[in-house]
Structures are given as C-alpha cells and as structure tokens.
Amino acid sequence: SDIKISNMKVEQAARRPQLSIREIHTYLRLHPNINHKQQVMLSTQLEGRVAEAFTCLAVVLIALPFGAGAGRRNIFVGVASSIFICFGYLILQRIFFGLGTGGYVPPVVAAWLPNALFAAVGIGLVSRVR
C-alpha cells in the first residue's frame, strides 16, 4: 500500500505519534532526496519508536533497587524514589528527542542514550542490592 504523506506535511507528520515504524521506514525509502532537516526528524522518530520498546526495561532496572528496600518505612521511600526517577527518565527522554529532531545530536544517540544511561545505572544499582 502507498503511504500518502505530502512533502509539505512531512515535518508535521514526523511529530505525530500515530506514525508507525513501517510508515516512517517506507516514507524514507520512497523519498531518498528529502531535505536534511526532514530526514533527521523522521530518522529520530524512527529510532525513537524502536527504542521505545526498551523503555520499560530501563525504567524497571533503575527503579528495582529503590523498591527493594527492607522495612516498612523504606518501602514508601523506595516507591516514591522510583516514581521520581521514572519522571526524570521521561523528561530526559523528551529532551534528547527534541535534540535529535532539531539535529543537535544524531538520531541514534537521541533515541538510545536515555535507555542506555538508565539501564547502566540500574544494573549498577541492582548489583549492589543484597
């Protein structure tokens, strides 16, 4: 099936969360000569869609040590810390997505750095939990 996205609307289309991985990939394949700004935006959107699947893993790895505290008082502090960290992750993810769509960082870095950073910190913290 043909993807019907006009060249004039590609910037708006790249920002729409409804675009699937297949639609973005097909558009990039069918329009190899789009301008650099549009190509970076769509590539960032594509990488973000793929990296999105690993968001849960990164968040769980970082939140697990905070939720695994012993004692009744520590459970509340652990859960509250986990929620705060998850919001921090989402903010960092949006910042890097904006940097990627603006062309300030490569699309792969924009999509995967928050996951990699939080997963690495999470693995380090999980290894220290008894």
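Using our numbering, the letters of the sequence shown correspond one by one to residues 3 to 132.
Where a beta carbon is used, it is the ideal one built from N, C-alpha and C, also for glycine.
Taking the CA atoms as reference points, Val61 sits about 8 Å from Tyr91. Between Gly50 and Leu32, the alpha-carbon positions lie close to 20 Å from each other.
In the structure shown, the three-state DSSP call for Ser22 is coil.
Take the alpha-carbon of Ala65 and the one of Leu21: they are about 30 Å apart. Residue state for His33 is assigned as coil, using DSSP reduced to three classes. DSSP places Val131 in the coil class of the three-state scheme, outside both helix and strand. Sorting Trp114, Leu63, Gly100 and His38 by C-alpha distance to the C-alpha of Ile87 places Leu63 at the top. Around the beta carbon of Tyr29, a 10 Å sphere encloses 16 or more other beta carbons of the protein chains shown; the residue is thus reported as buried. Here Leu44 is buried, its C-beta having at least 16 other C-beta atoms within 10 Å.
When DSSP states are grouped into helix, strand and coil, Pro116 belongs to the helix group. Closest by C-alpha distance to Asn117, out of Tyr106, Ile26 and Phe99, is Phe99. Put simply, the backbone Cα of Ile36 is about 10 Å away from that of Val42.
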